[in-house]
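Let me begin by presenting the structure, written as structure tokens, before commenting on it.
In the UniProt record's numbering, the protein residues as written are 1 to 509.
Pasting the structure below:
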């Protein structure tokens, strides 16, 4: 059936301010755009926007979809500002003998001005407890959890991780980056049935936020990759476009898995370093507030080179977590040594801290930069102490990177941050901490539309409202500008021409 969308403000994202009167859709595709007068005779059905604004479907280019769903059910620690309150909340929810997991604690907002340690949790002696830091690069485990995991103060640090200890050499319950697996590997594995419910809840929530799809990385945290993949196959259907990055541990095992129109398989996901919040991002110079510390390398050089070679063996791209400038330098060296196959682009995720010499080298490579605008209001002002003012010229430098000509996509990194694209777009536009790096509204929306399409090589199919493109739309109750982003409401989310979310309680503003 040919359906005509009309009577609203339809922003194509083909250029700044470009609009059309009407969009004609059939079989999940846009078959024509133009005036209502021209297209109305071709339509079998007419849907009025009633003055609302339509944009290409918003896509979050960096999220952990299952983690987002779990966060909806977990105790969210991210807004609790004291260790005592966190411990009280946890104590009221644990069940004797059962593993308890929650996440989101952030020592940058805690009144104690320090991380949680096992000593804060050890009066809960019979329950193994794991609380993940907001960045997901640090966790705290109580003594029961460490006992079940067989961790003692003699346990050596794994490659790419650190087991935390106090000044006297005793375990403090903190596990950094790869050391976290010593604990998380002992948590009872998730079942497909459990993940089905988590994914259902996550997708429904994301659709209500105007998202028509995501790029997510979940394939190595819930037992064999077949467990989460089966859950995705049972849930997704044709309601949500899901691009699955493949963690390096699952990448080769997943070769031969058949994609669908709504479940795609993407690049090999590699972590180079950790987070600035946990002081594990890899910097070329010491942390300004922690002399002697330059961060943590997740892999040794030989292992990392082997991973890149493996991706190239399958003519595949890599999607690389890089927060610090030293991490960026390491992966740029390898991309230069092992170029991606012609026509494809590697993805650098986060790129929070750069240097001008690195930017010049990056500009010569086929790359998409996967940015998280919401990191700015989340990380400032404390990150100034981490980096010092001299490194801020190329830190969180979204505008500079766009002006340099880089293709950039936009994500949230939920559950680390909020998964609301309007909040992320607002963070990019109304950047009070780095006003010189503020984006225009068009640039910011592009991160979540045309940018996300470019990150997967789908720029000729998605991200714009144009003939031949997928009929994925996000409909909001007002035109998006610098003053309306946080006031706007999602009215409807359309995937392949079908409404997957509709809020009938809201009216156009």
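The beta-carbon is built from N, C-alpha and C at its ideal position, and this holds for glycine as well. Computed from a prediction, not measured in an experiment: that's the story for all the values here.
Give me, in chain order, the residues of the same chain whose beta-carbon lies closer than 6 Å to that of residue i; leave out the 5 immediate sequence neighbours on both sides.
i: residue 375; result: none
i: residue 137; result: 177, 274, 275, 278, 280
i: residue 122; result: 142, 143
i: residue 120; result: 83, 87
Around the C-beta of residue i, are 16 or more other C-beta atoms found within 10 angstroms, so that it is buried, or is it exposed?
i: residue 412; result: buried
i: residue 344; result: exposed
i: residue 144; result: buried
i: residue 258; result: exposed
i: residue 306; result: exposed
i: residue 154; result: exposed
i: residue 437; result: buried
i: residue 17; result: exposed
i: residue 531; result: Since the first residue shown for the chain is 1 and the last is 509, residue 531 is missing from the structure and cannot be characterised.
i: residue 35; result: exposed
i: residue 300; result: exposed
i: residue 102; result: buried
i: residue 185; result: exposed
i: residue 295; result: buried
i: residue 372; result: buried
i: residue 73; result: exposed
i: residue 269; result: buried
i: residue 470; result: buried
Give every residue of the same chain whose Cβ lies closer than 7 Å to the Cβ of residue i, excluding the five residues on either side of it in the sequence, and list them in chain order.
i: residue 361; result: 332
i: residue 220; result: 247, 249, 250
i: residue 443; result: 402
i: residue 515; result: Any question about residue 515 goes unanswered here, given that the chain covers just 1 to 509.
i: residue 230; result: 192
i: residue 139; result: 130, 131, 132, 133, 175, 180, 183
i: residue 135; result: 275, 277, 278, 416
Quick check on the DSSP output: the beta strand (DSSP E) that includes residue i runs from which residue to which?
i: residue 53; result: 53 to 56
i: residue 264; result: 263 to 271
i: residue 216; result: 211 to 216
i: residue 75; result: Taken as a continuous stretch (DSSP letters only), residue 75 belongs to no beta strand (DSSP E), as it is neither H nor E.
i: residue 93; result: No beta strand (DSSP E) holds residue 93; DSSP gives it neither H nor E.
i: residue 32; result: 29 to 34
Just curious, the alpha helix (DSSP H) that residue i is in, first and last residue?
i: residue 445; result: 441 to 447
i: residue 429; result: 421 to 429
i: residue 365; result: Premise fails: residue 365 is in no alpha helix (DSSP H) and is neither H nor E.
i: residue 382; result: 382 to 387
i: residue 100; result: Residue 100 -> not in any alpha helix (DSSP H); beta strand (DSSP E) instead, spanning 100 to 105.
i: residue 47; result: Looking at the DSSP string, residue 47 is not in any alpha helix (DSSP H); the run it does join, the beta strand (DSSP E), is 45 to 48.
i: residue 246; result: Looking at the DSSP string, residue 246 is not in any alpha helix (DSSP H); the run it does join, the beta strand (DSSP E), is 241 to 247.
i: residue 82; result: That residue, residue 82, is in no alpha helix (DSSP H); it is neither H nor E in DSSP.
i: residue 196; result: 192 to 208
i: residue 491; result: Premise fails: residue 491 lies in the beta strand (DSSP E), 490 to 495, not in any alpha helix (DSSP H).
i: residue 402; result: 398 to 403
Can you tell me whether DSSP reads residue i as helix, strand or coil?
i: residue 68; result: helix
i: residue 409; result: strand
i: residue 336; result: helix
i: residue 478; result: coil
i: residue 184; result: helix
i: residue 502; result: strand
i: residue 232; result: helix
i: residue 117; result: coil
i: residue 172; result: strand
i: residue 473; result: strand
i: residue 347; result: strand
i: residue 510; result: Because residue 510 is not part of the residues shown, which for the chain are 1 to 509, the question remains open.
i: residue 11; result: strand
i: residue 451; result: helix
i: residue 129; result: strand
Taking CB distances under 7 Å as the criterion, tell me whether residue i reaches chain C.
i: residue 283; result: Reference to chain C is not applicable here, since this structure consists of a single protein chain.
Can you give me the Cβ contacts of residue i inside the same chain, cut-off strictly under 8 Å, excluding the 5 residues immediately before and after it?
i: residue 451; result: 61, 368, 407, 408, 409, 410, 463
i: residue 237; result: 262
i: residue 503; result: 208, 489, 490, 491, 492
i: residue 573; result: The displayed coordinates of the chain run from 1 to 509. Any statement about residue 573 would go beyond what the structure contains.
i: residue 26; result: 1, 2, 3, 497
i: residue 405; result: 363
i: residue 392; result: 384, 434
i: residue 286; result: 292, 293, 294
The region 127 to 141 / the region 86 to 99 touching (three or more Cβ pairs under 8 Å): Cβ pair count under 8 Å is three or more, so yes.
Decide if the region 46 to 55 is in contact with the region 73 to 90; the criterion is three or more beta carbon pairs, one per stretch, under 8 Å apart. No, the region 46 to 55 does not touch the region 73 to 90.
Can at least three beta-carbon pairs, one atom from the region 311 to 319 and one from the region 168 to 185, be found at a separation below 8 Å? Output reads no: the region 168 to 185 does not touch the region 311 to 319.
At least three beta-carbon pairs within less than 8 Å, the region 198 to 218 to the region 414 to 428: Three or more Cβ pairs drawn from the region 198 to 218 and the region 414 to 428 lie within less than 8 Å of each other, which places the two stretches in contact.
With a threshold of 8 Å, are at least 3 pairs of Cβ atoms found where one atom belongs to the region 229 to 245 and the other to the region 478 to 485? Because the criterion of three Cβ pairs below 8 Å is not met, the region 229 to 245 and the region 478 to 485 do not touch.
Meets three-Cβ-pair contact criterion under 8 Å: the region 452 to 460 and the region 31 to 44: In short, these stretches do not touch, since the Cβ pair count stays below three.
Check whether the region 390 to 402 and the region 55 to 69 are in contact - that is, three or more C-beta pairs closer than 8 Å. At 8 Å Cβ cutoff, the stretches do not touch.
Should the region 149 to 166 be called in touch with the region 105 to 113, which here means at least 3 C-beta pairs below 8 Å? No, they do not touch.
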